[in-house]
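Asker:
Residue numbers (the UniProt record's numbering): 1 to 383.
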């Protein structure tokens, strides 16, 4: 879930695009040092210590989980949004209505990493009290990787379901449509398990997340067929159609099935939360004004009449993984890829392409980070 960014007044041709995305080899960064740098960037922007830490925690956790589209590569967009007056720093989610097991909050255009953290924390408290709770958050700045919030619920022992929309930045075409009409609208479900990782479903309802087109564009790589159409509605694998005018559109996953789920995320996440859906009157004028709405249902599995639940889940997982392999790839449970990637990146460092790293450093300069401080961090990170 990300923004339709970098709208530039350029002619879109293959020669210019290739020049823009040609890049040298990337980097691999030590996690604690990278975290300190990212926290320093947001502190330089004006965030207080807690806010800078929460945002850095979330972005780096996204990279660690292998979802670079929602990681530190978002920093330049956040800084642009702040400079344009959209993102508001040092603000918090505000309770609009507390109806017991159902609570609605206004994100106040605060950092989504702060507003969503507060919303989910409150939702978990409500679920402890009532057994099941719904928490609706609207008008929040970009809340990032939704699986992060599901993992927060699972760590507390709760099942959760999340519906999310992206207000007013259409970048996905409806089934049989030729232009963008709604956002990437993520859907997420988590199921906690005892003594092992939770089962986690977390994906954009587009064929790929918008941020993955940004990553591919920086790397100079195509995306898989069936994910994009150009401005004329023709299929393409060139990620530049999502970055350089004239802009194309993402397609939904699984054709009509992904489209239907995207539509329900728009309604459940946008309208039911007290926020907005995407239509002519809600269109955003800035590509960096990423406003999210999220409706989350949090459930205590211990209150269901299912004494064999854990046993049944374990038996199913074992049964699935015992299937004969069709190729050399392992059979993974939902969320297992992220677990494996997180372990590898904690040991080996976080990879980042050179184009994204250059953009982050330039963004740090733009918000006033002293050059000697920036270079000191770069020396530590790039060695």
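C-beta atoms are modelled at their ideal positions from N, C-alpha and C, and glycine is treated no differently.
In whole angstroms, what separates the C-alpha of residue 345 from that of residue 64?
Answerer: In the chain shown, counting from the first residue as 1, residue 345 sits at position 345. In the chain shown, counting from the first residue as 1, residue 64 sits at position 64. Rounded to whole angstroms, residue 345 to residue 64 spans 6 Å at the Cα level.
Asker: How many whole angstroms separate the CB atoms of residue 140 and residue 110, which I take to be in contact at a CB cut-off of 8 Å?
Answerer: On the chain shown, position 140 is the one that residue 140 refers to. On the chain shown, position 110 is the one that residue 110 refers to. Confirmed, about 7 Å.
Asker: Taking the continuous beta strand (DSSP E) assigned at residue 28, which residues delimit it?
Answerer: Sequence index remark: in the chain shown, residue 28 carries index 28 (1-based). Following the DSSP letters along the chain, one finds residue 28 inside the beta strand (DSSP E) bounded by residues 27-29.
Asker: With distances taken Cα to Cα, identify the nearest neighbour of residue 337 among 202, 119, 370 and 286.
Answerer: Taking the first residue of the chain shown as position 1, residue 337 is located at position 337. Closest by alpha carbon: 202.
Asker: Please identify the residue among 85, 101, 165 and 36 whose C-alpha is closest to the C-alpha of residue 272.
Answerer: Sequence index remark: in the chain shown, residue 272 carries index 272 (1-based). When the alpha-carbon of residue 272 is set against those of 85, 101, 165 and 36, the nearest one is in 165.
Asker: Thinking C-alpha only, which one of 108, 121 and 205 is nearest residue 275?
Answerer: Start at 1 with the first residue of the chain shown, and residue 275 comes out as number 275. Comparing Cα positions, the closest option is 108.
Asker: Could you have a look at residue 357 and say whether DSSP puts it in helix, strand or coil?
Answerer: Residue mapping note: residue 357 aligns to position 357 of the chain shown, counting from 1. Three-state DSSP puts residue 357 in a helix.
Asker: Identify whether residue 21 lies in helix, strand or coil by the three-state DSSP scheme.
Answerer: Taking the chain shown and counting its residues from 1, one reaches residue 21 at position 21. Below a pLDDT of 50, predicted positions are generally treated as unreliable, and residue 21, at 31, falls in that range; the measurement from the model is reported next regardless. Reduced to three states, the DSSP call for residue 21 is helix.
Asker: Taking all protein chains shown into account, do 16 or more other C-beta atoms lie within 10 angstroms of the C-beta of residue 379, making it buried, or fewer, making it exposed?
Answerer: As a first step, residue 379 must be located in the chain shown, where it is residue number 379. Taking all protein chains shown into account, residue 379 has fewer than 16 neighbouring C-beta atoms within 10 Å of its C-beta and is therefore exposed.
Asker: Using C-beta distances below 6 Å, list every residue in its chain close to residue 24, excluding the 5 sequence neighbours before and after it, in chain order.
Answerer: Along the chain shown, read from residue 1 onward, the residue named residue 24 stands at position 24. Confidence in residue 24 is poor, its pLDDT being 40 and thus under 50, which makes the residue's placement unreliable; the coordinate value appears in the next sentence. For residue 24, where only same-chain residues beyond five positions count, the Cβ hits under 6 Å are 354.
Asker: Can we say the region 145-164 touches the region 180-198, given the rule of at least three CB pairs closer than 8 Å?
Answerer: Short answer: they touch.
Asker: Would you report the Cα separation of residue 129 and residue 144, rounded to the nearest angstrom?
Answerer: Numbered from 1 along the chain shown, position 129 holds the residue referred to as residue 129. Numbered from 1 along the chain shown, position 144 holds the residue referred to as residue 144. For residue 129 and residue 144, the distance between alpha carbons rounds to 28 Å.
Asker: By a C-beta neighbour count over all protein chains shown, 10 Å radius and 16 as the cutoff for buried, is residue 90 buried or exposed?
Answerer: Locating residue 90 in the chain shown gives position 90, counting from the first residue. Exposed is the call here.
Asker: Can you tell which of 173, 147 and 175 has the C-alpha that lies nearest to the C-alpha of residue 162?
Answerer: Locating residue 162 in the chain shown gives position 162, counting from the first residue. Considering only 173, 147 and 175, the residue with the shortest C-alpha distance to residue 162 is 147.
Asker: Assign residue 176 to one of two classes, buried (16 or more other C-beta atoms within 10 Å of its C-beta) or exposed (fewer than that).
Answerer: Numbered from 1 along the chain shown, position 176 holds the residue referred to as residue 176. Counting Cβ neighbours within 10 Å, residue 176 comes out exposed, since fewer than 16 surround it.
Asker: Who does residue 203 pair with in a DSSP beta bridge?
Answerer: On the chain shown, residue 203 is found 203 positions in, with the first residue counted as 1. 187.
Asker: Using the rule of at least 16 other Cβ atoms within 10 Å of the residue's Cβ for burial, across every protein chain shown, is residue 365 buried or exposed?
Answerer: Position 365 of the chain shown, counted from the start, is the residue given in the question as residue 365. Exposed, because fewer than 16 other Cβ atoms sit within 10 Å of the Cβ of residue 365.
Asker: Where does residue 82 sit, in a helix, a strand or coil, going by DSSP?
Answerer: To locate residue 82, count along the chain shown from 1; it is residue 82. Three-state DSSP puts residue 82 in a helix.
Asker: Taking 8 Å as the limit between beta carbons, can you name the residues of its chain near residue 386, skipping five residues before and five after?
Answerer: Since the first residue of the chain shown is 1 and the last is 383, residue 386 is not available in this structure.
Asker: Helix, strand or coil for residue 93, going by three-state DSSP, please let me know.
Answerer: Position 93 of the chain shown holds residue 93. DSSP places residue 93 in coil when its eight states are reduced to three.
Asker: Across which residues does DSSP place residue 164 in a beta bridge pair?
Answerer: Within the chain shown, numbered from 1, the residue matching residue 164 stands at position 164. Paired residues: 294.
Asker: Can you name the start and end residues of the alpha helix (DSSP H) that residue 120 belongs to?
Answerer: Position 120 of the chain shown, counted from the start, is the residue given in the question as residue 120. Element bounds for residue 120: 112-130.
Asker: Bridge partners for residue 299 per DSSP, in chain order?
Answerer: Within the chain shown, residue 299 is the residue found at index 299, counting from 1. Looking at the DSSP assignment, residue 299 forms a beta bridge with 132 and 159.
Asker: Measure how close the beta-carbons of residue 182 and residue 266 come, nearest whole angstrom, since I'm counting them as under 8 Å.
Answerer: Numbered from its first residue, the chain shown carries residue 182 at position 182. Numbered from its first residue, the chain shown carries residue 266 at position 266. Residue 182 to residue 266, Cβ: 5 Å. Contact.
Asker: Which runs of the alpha helix (DSSP H) at least 4 residues long sit entirely within the region 299-333? Give them in chain order.
Answerer: 309-321
Asker: Alpha carbon to alpha carbon, how far is residue 237 from residue 224?
Answerer: Looking up residue 237 in the chain shown gives position 237. Looking up residue 224 in the chain shown gives position 224. If you take the alpha carbons of residue 237 and residue 224, they lie about 6 Å apart.
Asker: In its own chain, which residues sit with a C-beta less than 7 Å from the C-beta of residue 404, not counting the 5 before and 5 after it?
Answerer: A question about residue 404 goes unanswered here, because the residues of the chain that appear run from 1 up to 383.
Asker: Going straight from the alpha carbon of residue 361 to that of residue 283, what length do you get?
Answerer: Your numbering for residue 361 matches position 361 in the chain shown. Your numbering for residue 283 matches position 283 in the chain shown. The straight-line gap from Cα to Cα measures roughly 30 Å.
Asker: Where does residue 70 land, buried or exposed, given buried means 16+ other C-beta within 10 angstroms?
Answerer: The count along the chain shown starts at 1 and reaches residue 70 at position 70. Buried, by the Cβ-count rule.
Asker: Using DSSP bridges, identify the partner residues of residue 106.
Answerer: Stepping through the chain shown from its first residue, residue 106 is reached at position 106. Residue 106 is bridged to 94 and 138.
Asker: Measuring CA to CA, which of 31, 27 and 26 is closest to residue 347?
Answerer: Position 347 of the chain shown, counting from 1, holds the residue named residue 347. The residue with the shortest Cα to Cα distance from residue 347 is 31.
Asker: Please classify residue 182: does DSSP put it in a helix, a strand, or coil?
Answerer: Walking along the chain shown from the start, residue 182 turns up at place 182. Three-state DSSP puts residue 182 in a strand.
Asker: Short of 7 Å in beta carbon distance, which residues of its chain neighbour residue 339, apart from the five on each side in sequence? Order them along the chain.
Answerer: One-based indexing of the chain shown puts residue 339 at position 339. 197, listed in sequence order.
Asker: Per DSSP, what kind of secondary structure is residue 244 in: helix, strand or coil?
Answerer: By 1-based counting over the chain shown, the position of residue 244 is 244. Reduced to three states, the DSSP call for residue 244 is coil.
Asker: Based on DSSP bridge pairs, tell me the residues matched to residue 172.
Answerer: Position 172 of the chain shown, counted from the first residue, corresponds to residue 172. Answer by DSSP bridge pairing, in chain order: 182 and 250.
Asker: Under the rule that 16 or more other beta-carbon atoms within 10 Å means buried, what is residue 241, buried or exposed?
Answerer: The sequence position of residue 241 within the chain shown is 241, counting from 1. By the neighbour-count rule (16 or more Cβ atoms within 10 Å), residue 241 is buried.
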